[in-house]
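Using the working numbering, you'd call the opening residue of the sequence shown number 237 and step up by one each time. For each residue, glycine too, the CB sits at the ideal point set by N, CA and C.
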Amino acid sequence: MKVDRRTLLTGGALAGMAAAVPVQTAAAVSAGGRLRDAAVYVPGYMPQYAYANGKPLDQNRRFNRAVRGQEDGIRRLLTRVGMDGSIRQTLLPVNAHDVEVAPDRSIGVLCGFEGGEHCSFDPETLEMSGYAPSFAQGWRGGGHAVYLDGGRTVVISERSPVQVATGNLENVHGRLTIRDPETLKIRESYSTHGVDPHDIRLTDDGKYIVAANYGSVVSPKTGAHTVPRTVVEPSITVIELSSGKLVDKKVTGRGRTELRHLAAGSLERIFAIQSIYGSDSEDTAQRAGMNAAYDFDLTSEPGLNYLSAATLRYDAKRRTISRMGDAAANRHMQHGLSIRYDDRHDQAIASYPSAHQVMVFDGATGELVTRYDTRTAGLRYPCGITLLPDGEHYAVTGHWENLFVFQRGTHRLVRDLCLYPLFFGHSHITSA
237 MKVDRRTLLT GGALAGMAAA VPVQTAAAVS AGGRLRDAAV YVPGYMPQYA
287 YANGKPLDQN RRFNRAVRGQ EDGIRRLLTR VGMDGSIRQT LLPVNAHDVE
337 VAPDRSIGVL CGFEGGEHCS FDPETLEMSG YAPSFAQGWR GGGHAVYLDG
387 GRTVVISERS PVQVATGNLE NVHGRLTIRD PETLKIRESY STHGVDPHDI
437 RLTDDGKYIV AANYGSVVSP KTGAHTVPRT VVEPSITVIE LSSGKLVDKK
487 VTGRGRTELR HLAAGSLERI FAIQSIYGSD SEDTAQRAGM NAAYDFDLTS
537 EPGLNYLSAA TLRYDAKRRT ISRMGDAAAN RHMQHGLSIR YDDRHDQAIA
587 SYPSAHQVMV FDGATGELVT RYDTRTAGLR YPCGITLLPD GEHYAVTGHW
637 ENLFVFQRGT HRLVRDLCLY PLFFGHSHIT SA
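(1) Any C-beta of chain C sitting closer than 8 Å to the C-beta of ARG554?
(2) Short of 7 Å in beta carbon distance, which residues of its chain neighbour PHE659, apart from the five on each side in sequence? Order them along the chain.
(3) Counting only the same chain and skipping the five closest in sequence on each side, list residues whose C-beta sits under 7 Å from that of LEU534.
(4) On the three-state DSSP scale, how would you describe ARG312?
(5) Between ALA668 and LEU346, what straight-line distance do the alpha-carbon atoms span, to the nearest angstrom?
(6) Report all residues from its chain with a CB closer than 6 Å to the CB of VAL641; omit the five preceding and five following residues, and keep chain order.
(7) To the nearest angstrom, report how far apart ARG272 and ARG311 are at their CA atoms.
(8) Can LEU384 and THR439 be called in contact, C-beta distance under 8 Å?
(9) Is it true that the CB of GLY451 sits closer than 8 Å to the CB of VAL467?
(10) Checking the sheet assignment: what are the DSSP bridge partners for ALA332?
(11) Within its chain, find whatever has a CB closer than 8 Å to the CB of HIS571; leave out the 5 residues flanking it on each side and keep chain order.
(12) Judging by CA-CA distance, which residue of VAL463, LYS485, ASP441 and TYR530 is the nearest neighbour of SER478?
(13) Whose C-beta lies closer than 8 Å to the C-beta of THR493 among residues of the same chain, with five residues either side of it excluded?
(14) By Cβ distance, which residues of its chain are closer than 7 Å to HIS409, with the 5 residues on each side in sequence left out?
(15) Residues in its own chain within less than 8 Å of GLU353 by CB, not counting five upstream and five downstream?
(16) Secondary structure at ASP652, three-state DSSP: helix, strand or coil?
(17) Taking buried to mean at least 16 other C-beta atoms within 10 Å of its own C-beta, is ASN407 buried or exposed?
(18) State the beta-bridge partners of GLY378 as determined by DSSP.
(19) Note down the Cα distance separating GLU360 from ARG644, rounded to an integer number of angstroms.
(20) Are the beta-carbon atoms of TYR577 and ALA508 separated by less than 8 Å?
(21) So ARG549 is in the beta strand (DSSP E); what residue range does that whole segment cover?
(22) Among LEU498, ALA500 and VAL398, which one has its Cα closest to the Cα of SER455?
(23) Look up SER471 in the DSSP assignment and give the residues it is bridged to.
(24) Would you call GLY627 buried or exposed, if buried means 16 or more other Cβ atoms sit within 10 Å of its Cβ?
(25) What does DSSP give as the partner residue(s) for ILE436 in the beta ladder?
(26) Can you check which of these residues, SER574, GLU363, ARG490 and SER515, is closest to PRO464 by C-alpha distance?
(27) Alpha carbon to alpha carbon, what distance is there between TYR656 and LEU639?
(28) Nearest-angstrom Cα distance between THR520 and LEU498?
(29) Does DSSP put THR610 in a helix, a strand or coil?
(30) Which stretch, first to last residue, makes up the beta strand (DSSP E) that contains ASP578?
(31) Should MET282 go down as buried or exposed, given a rule of 16 or more other Cβ atoms within 10 Å for buried?
(32) Please name the residue, chosen from GLU394, HIS333, LEU412 and GLN593, that lies closest to GLU476 on a Cα-to-Cα basis.
(33) Can you name the start and end residues of the beta strand (DSSP E) that SER365 belongs to?
(34) Taking the C-alpha atoms as reference points, what is the distance between GLU350 and PRO538?
(35) List the residues that DSSP assigns as beta-bridge partners of PHE507.
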C-alpha cells in the first residue's frame, strides 16, 4: 500500500498506518541467530548533547581517549550497534559523514566531510588506528569511501579548496585518493572529473568507481555557498580503477539542483539522488497541505530547506537517464540521502528523511515498487540504509535514534530484530 500525507491526515488514518509497513515476525528468531555476530556502524554528528556516567562524553575517559588534548574540538560519536543488542561507542577526531568497514572486517574508516582529516579504526574495539589529512593543503574530505581487494586498499573522495569556478572547471574538480587502509597514507590519486565529489561506489565487477559530484560552487559575489546553491555542473562520472581514465560522464542538470548520493551495480544500474535547497517561503508552499502539526526538519538547518528533487536512474552503457518513481513519489523526494542497490532482487532502496519516506524502485525500469511513511511504524527521519550481511535483511536508522530491520524483497518490517539506540544525528551507516 502506498501511503501519502493525505491518507494520514484524513479519515482511515489508523488503517493506513497499520498497512503501510507490514510486520514480519515468523522468521525473526532464526534470522536473529544468523545476524548475531553482525554489527551496524553509525557516525553521530552531535556528541555535545550526549552524556554517560553523569558526564559529557568529552569529559568521560571511557569515550574521550582519541580526542584528549585536541584543540580544534572536532569530534564525532562512532556507535557500533551489535545485532545481538550490544552497544560500543567512542569519540573520534574527524568531521565524519559516512563510515565504511572492510569486507574482511579488519579495518574501518570514518570519512571526513568538508574537513581536513580522515581516520581508520578497529571495527571490534573502535580504537583509532590511523589519522591522515585530506589530499593536500586546503583540500576537504568528500565524505565517502569504498574498499578494494577485500580491504587491502581504501579509496576516499576529496574536494578541491574552496574557490570561485573559472574556465573549464578543472580547477575545481575533486580527486579520489587511493590509500593504505590502516595508516591512510596516500598511494595514488585520480581526478573524479567532476565538481565537489561526494558519494562514490564500486561497480559489481570491481572495474569502475562511480562518483556523484555535487556540481555546486561558491558564489562569486559572496565567496560562500548560498541558498539557492550556485550549481554549475552536477554529474555522474565513471572512472576506470586501473588507469584513472574517465570512462563516462553525465551532467544531470544546472541551475540549483545538486547531485549528491548514488548506488551502483553494473554500469546499466546506476541510481542517483538529487537535492535542492530552497527558501523558507518555498518550504512553506510545499508543506501547505500538511494539516496536522509537524516539527522543524531535524535533518536540516535554519534557512536550508530541502525541496522535492527527483531521484534518477542512469544507464552508462546506453547513456539514458530517467526519473524514478511516479509524480506522487517525486513530491516526497525531499532530502534524498541514503540509497542502496539490492542486486538479489534488482531493487534500489532510498531514504528521504525530510518527508519521513523510504522508497523502493525496480532496478530495470526505475518504477516505484513500494513507498512507506516510516512514522507509521515509529521511525522518524529515516537516514541510513545498509544491506545486512545475512543477505536477507536491510536496516534503516532514524536520524537521532532507532534501528529498524526489514526483509529484502518483501520490505516487511521484522519487529523482533529492531533495536533502539541513540545516535545523536547522522546521515549514513554501514554493516559488517
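Answer, in terms of the structure:
(1) The chain inventory of the structure shown lacks chain C, comprising one protein chain alone.
(2) VAL278, GLY280, THR315, THR633, TRP636 and GLU637
(3) TYR617, HIS635 and TRP636
(4) strand
(5) 15 Å
(6) HIS629, ALA631, VAL650, LEU653 and CYS654
(7) 29 Å
(8) no
(9) yes
(10) GLY348
(11) SER511, ASP533, THR535, SER536, TYR542, TYR588, PRO589, SER590 and ALA591
(12) ASP441
(13) VAL467, PRO470, GLN510, SER511, ILE512 and ALA545
(14) SER396, SER427, THR428, HIS429, GLY430 and VAL431
(15) ILE310, PRO329, VAL330, ASN331, TYR367, ALA368, PRO369, SER370 and GLY377
(16) helix
(17) exposed
(18) PHE349
(19) 26 Å
(20) no
(21) 548 to 551
(22) VAL398
(23) ASN449 and VAL487
(24) exposed
(25) ALA447
(26) SER515
(27) 6 Å
(28) 28 Å
(29) helix
(30) 575 to 578
(31) exposed
(32) LEU412
(33) 364 to 369
(34) 19 Å
(35) ALA499 and ARG549
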